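Trainee: Have a look at this one.
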Amino acid sequence: MRKLLLSSAVLACLASVFVNAYGQNAGTGGTKKSVAPASATASQAEAPHKVALIDMGRVFKEYKKIEVLKEDWKAEFQVNEDNAKKLTAQIQQVIEQMKEFKQGSPEFIKLEKQQTDLAAKLGAFKQTAQRELLRKEADLLKTVYLETMDVVEKFADRFGYTLVMRFNSDTFEGEDMNKMQLVMNRVIVYHRAEDDLTDGVIKYLNRQFDNGQPKGAAGGQGAGAQRIANQK
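Residue numbers for the sequence shown follow the numbering used here, beginning at 101 and rising by one.
Shown next as structure tokens:
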């Protein structure tokens, strides 16, 4: 089952890919907005743009729900690993039995076929289990992303932000040249602390989780779910 092992680095990579895939049209929901009246359009044109930031990496690390979902994922992974070990043990047992018979004898041929069948079963099981775990991992990331987008939208509406951008809030310390290079290549080089929504969004999500599942989490019917549905 070594091929089934998905490290935290892979999870982080998947999270990044998922956010990039769905984050491009988050502001508009992938749909064309209705044309506003001329007076409303003029009023909106006069309103200044207000930009906020959010560190999605921190959200994926600090939102309590993702830890619960990951525990469920790990439990299923362990079940799959145990089943694979059982099949492997059966194959090894057949191989040991084959040693008791002459190669080419009816008994040997019968056991050889049994070994081949078990090996094929093990290979198919590993592929199916890995595919299912990857699917559930993607669903996990999707759930967290959608709930985060719903909360970001609430914050933006409440505080008048017209644009919310992703950024990395990690600070650079020490002499790690690789990390320094990442910091120097940041798109966001300066921001005011009050324009960083990360802490507020994480606290809001965790408060909702402590009080029960966030709206739209189970059925995926929140604004975020509709946003992704419109992009398909």
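Note that the Cβ used here is the ideal one computed from N, Cα and C, for glycine as well. Since the structure is predicted, the reported quantities are computational estimates derived from the model, not experimental observations.
1. According to DSSP, leucine 263 sits in a beta bridge with which residue or residues?
2. Run the CB neighbour count on leucine 241, radius 10 Å, all protein chains shown included, and call it buried at 16 or more, exposed below.
3. Can you list, in chain order, the residues of its chain with a C-beta nearer than 8 Å to that of isoleucine 302? Leave out the 5 residues immediately preceding and following it.
4. Which stretch, first to last residue, makes up the alpha helix (DSSP H) that contains alanine 175?
5. On the criterion of 16 or more Cβ atoms from any shown chain inside 10 Å, does threonine 248 qualify as buried, or is it exposed?
6. Using only the alpha-carbon positions, how far apart do alanine 220 and leucine 246 sit?
7. With H, G and I counted as helix, E and B as strand and the rest as coil, what does DSSP make of aspartate 250?
8. Between aspartate 295 and valine 151, which are expected to be in contact by the criterion C-beta below 8 Å, what is the C-beta distance as a whole number of angstroms?
9. Label glutamine 308 either buried or exposed according to how many other C-beta atoms from any shown protein chain fall within 10 Å of its C-beta, with 16 as the threshold for buried.
10. Who does aspartate 276 pair with in a DSSP beta bridge?
11. Using DSSP's beta-bridge definition, name the partner residues of aspartate 296.
12. Touching or not, the stretch 182-202 and the stretch 214-234, by the rule of three or more beta carbon pairs under 8 Å?
13. Have a look at alanine 229 and asparagine 180 and give me their C-alpha separation to the nearest angstrom.
14. Indicate the three-state DSSP secondary structure (helix, strand or coil) for glycine 312 in the structure shown.
15. Taking glutamate 196 as the reference, give the member of Thr262, Asn268 and Gln214 with the closest Cα.
16. Glutamate 232: buried (16+ other C-beta within 10 angstroms of its C-beta) or exposed?
Mentor: Taking the geometry as given:
1. As a first step, residue 263 is located in the sequence shown; it is residue number 163 there, counting from the start. According to DSSP, leucine 263 bridges with Val151.
2. In the sequence shown, residue 241 corresponds to position 141, counting from 1. With 16 or more other Cβ atoms within 10 Å, it is buried.
3. Position 202 of the sequence shown holds residue 302. Contacts found: Arg158, Val159, Glu162 and Tyr163.
4. Numbered from 1 along the sequence shown, position 75 holds the residue referred to as residue 175. Looking at the DSSP string, the run of the alpha helix (DSSP H) that includes alanine 175 is 164-198.
5. In the sequence shown, residue 248 corresponds to position 148, counting from 1. With 16 or more Cβ atoms within 10 Å of its Cβ, threonine 248 is classed as buried.
6. Along the sequence shown, read from residue 1 onward, the residue named residue 220 stands at position 120. Along the sequence shown, read from residue 1 onward, the residue named residue 246 stands at position 146. So the alpha carbons of these two residues sit roughly 39 Å apart.
7. Counting from one through the sequence shown, the residue named residue 250 turns up at place 150. DSSP places aspartate 250 in the helix class (H, G or I) of the three-state scheme.
8. On the sequence shown, residue 295 is found 195 positions in, with the first residue counted as 1. On the sequence shown, residue 151 is found 51 positions in, with the first residue counted as 1. Right, their Cβ atoms sit about 7 Å apart.
9. As a position in the sequence shown, residue 308 is number 208, starting the count at 1. Glutamine 308 comes out buried.
10. Reading the sequence shown from its first residue, position 176 is the one you call residue 276. Answer is none; aspartate 276 lacks a bridge partner.
11. Mapped onto the sequence shown, residue 296 falls at position 196. Beta-bridge analysis with DSSP links aspartate 296 to Leu153.
12. Taking 8 Å as the limit for Cβ pairs, the verdict is that the stretch 214-234 does touch the stretch 182-202.
13. Within the sequence shown, numbered from 1, the residue matching residue 229 stands at position 129. Within the sequence shown, numbered from 1, the residue matching residue 180 stands at position 80. When rounded, the distance between both Cα atoms is 7 Å.
14. Residue numbering aside, residue 312 sits at position 212 when the sequence shown is read from its first letter. Here glycine 312 sits in coil by DSSP.
15. What you label residue 196 is simply residue 96 of the sequence shown in a count that begins at 1. For the residues Thr262, Asn268 and Gln214, the minimum Cα distance to glutamate 196 belongs to Gln214.
16. Translated into positions along the sequence shown, residue 232 becomes position 132. Classification of glutamate 232: exposed, given that the 10 Å Cβ count is below 16.
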